[in-house]
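Engineer: What follows is a single structure, and I will ask about it in a moment.
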Amino acid sequence: MKKHLLILAAFFYFMGVPSLAFTSPSPELKIWKVDPFTRCPICGEYFTIGEGQNLGNLEIYEAYFQDNQYNLNFFGPIGTTITLFGEKEFATGAGFLTVIKTDDNPVHINDLENFPANHWTDISKAGRISGSYRAYYHPSQNFGKWVSSVKWGNSELPEAIAK
Numbered sequence: 565m566k567k568h569l570l571i572l573a574a575f576f577y578f579m580g581v582p583s584l585a586f587t588s589p590s591p592e593l594k595i596w597k598v599d600p601f602t603r604c605p606i607c608g609e610y611f612t613i614g615e616g617q618n619l620g621n622l623e624i625y626e627a628y629f630q631d632n633q634y635n636l637n638f639f640g641p642i643g644t645t646i647t648l649f650g651e652k653e654f655a656t657g658a659g660f661l662t663v664i665k666t667d668d669n670p671v672h673i674n675d676l677e678n679f680p681a682n683h684w685t686d687i688s689k690a691g692r693i694s695g696s697y698r699a700y701y702h703p704s705q706n707f708g709k710w711v712s713s714v715k716w717g718n719s720e721l722p723e724a725i726a727k
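Counting in our numbering, the sequence shown runs from 565 upward without gaps.
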């Protein structure tokens, strides 16, 4: 019983104080896969990708081959941009998601496929859970499970949206 109370207390702490629990001194992306049966936001192991660390192959993440959905926490100042690709080496054939921060608060996205297809969407601050951001989602089946590469910055946006 005490173990369950401790887990529940930790859950409410992390959900109630995300800006304190996840603040970062420099831009970074934390991704993790969430078991669809528990949807526990603190149960997965984070894989941290620092600013400018463009990764063409996420197989180095130990949970990469698990059949779970990715979640992400994204930190940095206004204008910090990240693109997640459904294929290795930044290919766009299996979908992609570009996120641009529009405030200094951490961005938390629990469903990478929950955006309208093929146009920019502005997401205003969602209570205390997430900061504001813009997102462009080019869909593909199971994109949220198979993010395979990550690229930082505006100069590297996929050709489809760079115009």
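We treat Cβ as the ideally placed atom computed from N, Cα and C, and that holds for glycine.
Predicted model only: the values in this text are computed from it and were never measured.
So, with DSSP's three-state summary, where would you put I642?
Structural biologist: Numbered from 1 along the sequence shown, position 78 holds the residue referred to as residue 642. DSSP places I642 in coil when its eight states are reduced to three.
Engineer: Is there a Cβ from chain D that is less than 7 Å from the Cβ of A699?
Structural biologist: Among the protein chains of the structure shown there is no chain D, as only one such chain exists.
Engineer: For G717, does the three-state DSSP call read helix, strand or coil?
Structural biologist: Translated into the one-based positions of the sequence shown, residue 717 becomes position 153. Of the three classes helix, strand and coil, the one that applies to G717 here is coil, per DSSP.
Engineer: For the beta strand (DSSP E) that W596 lies in, which residues bound it at each end?
Structural biologist: To locate residue 596, count along the sequence shown from 1; it is residue 32. Looking at the DSSP string, the run of the beta strand (DSSP E) that includes W596 is E592 to V598.
Engineer: How many angstroms separate the CA atom of F654 from the CA atom of F638?
Structural biologist: Here the question's residue 654 lines up with position 90 in the sequence shown. Here the question's residue 638 lines up with position 74 in the sequence shown. So the two alpha carbons sit approximately 19 Å from each other.
Engineer: What number of angstroms, rounded off, separates the C-alpha of G524 from the C-alpha of N669?
Structural biologist: There is simply no residue 524 to check, as the chain begins at 565 and stops at 727 in what is shown.
Engineer: Would you mind working out which of T645, T644 and W596 sits nearest S712, comparing C-alpha positions?
Structural biologist: Locating residue 712 in the sequence shown gives position 148, counting from the first residue. Of the candidates T645, T644 and W596, the one whose C-alpha sits nearest the C-alpha of S712 is W596.
Engineer: Where does Y681 land, buried or exposed, given buried means 16+ other C-beta within 10 angstroms?
Structural biologist: Taking the sequence shown and counting its residues from 1, one reaches residue 681 at position 117. Sequence inspection shows Ala at residue 681; the Tyr mentioned does not correspond to that position. The residue is exposed, with fewer than 16 neighbouring Cβ atoms inside 10 Å.
Engineer: Restricting to Cα atoms, I'd like to know which of G650, T644 and T645 is closest to Y628.
Structural biologist: Sequence index remark: in the sequence shown, residue 628 carries index 64 (1-based). Per the Cα distances, G650.
Engineer: Do you know offhand how far G717's Cα is from T644's?
Structural biologist: Taking the sequence shown and counting its residues from 1, one reaches residue 717 at position 153. Taking the sequence shown and counting its residues from 1, one reaches residue 644 at position 80. Taking the straight line from one Cα to the other gives about 7 Å.
Engineer: Quick one: what's got a C-beta closer than 6 Å to Y610's C-beta in the same chain, skipping five residues either side?
Structural biologist: In the sequence shown, counting from the first residue as 1, residue 610 sits at position 46. K594 and W596, listed in sequence order.
Engineer: Which first and last residues belong to the beta strand (DSSP E) in which Y625 is found?
Structural biologist: In the sequence shown, the residue the question calls residue 625 occupies position 61. Neither: Y625 is in no beta strand (DSSP E) and is coded neither H nor E.
Engineer: From G695, H683 and I687, pick the residue whose C-alpha is nearest to that of H702; which is it?
Structural biologist: Along the sequence shown, one-based indexing puts residue 702 at 138. The candidate whose alpha carbon is nearest that of H702 is H683.
Engineer: Can you find the residues in the same chain that come closer than 6 Å, C-beta to C-beta, to S588, ignoring five residues on each side of it along the sequence?
Structural biologist: Looking up residue 588 in the sequence shown gives position 24. Because S588 carries a pLDDT of 45, less than 50, the predicted location of this residue cannot be relied on, and the following value inherits that uncertainty. Only F639 meet the Cβ criterion.
Engineer: Are the CB atoms of S696 and S543 within a distance shorter than 7 Å?
Structural biologist: In the structure as shown, the chain starts at 565 and stops at 727, and residue 543 therefore has no counterpart that could be examined.
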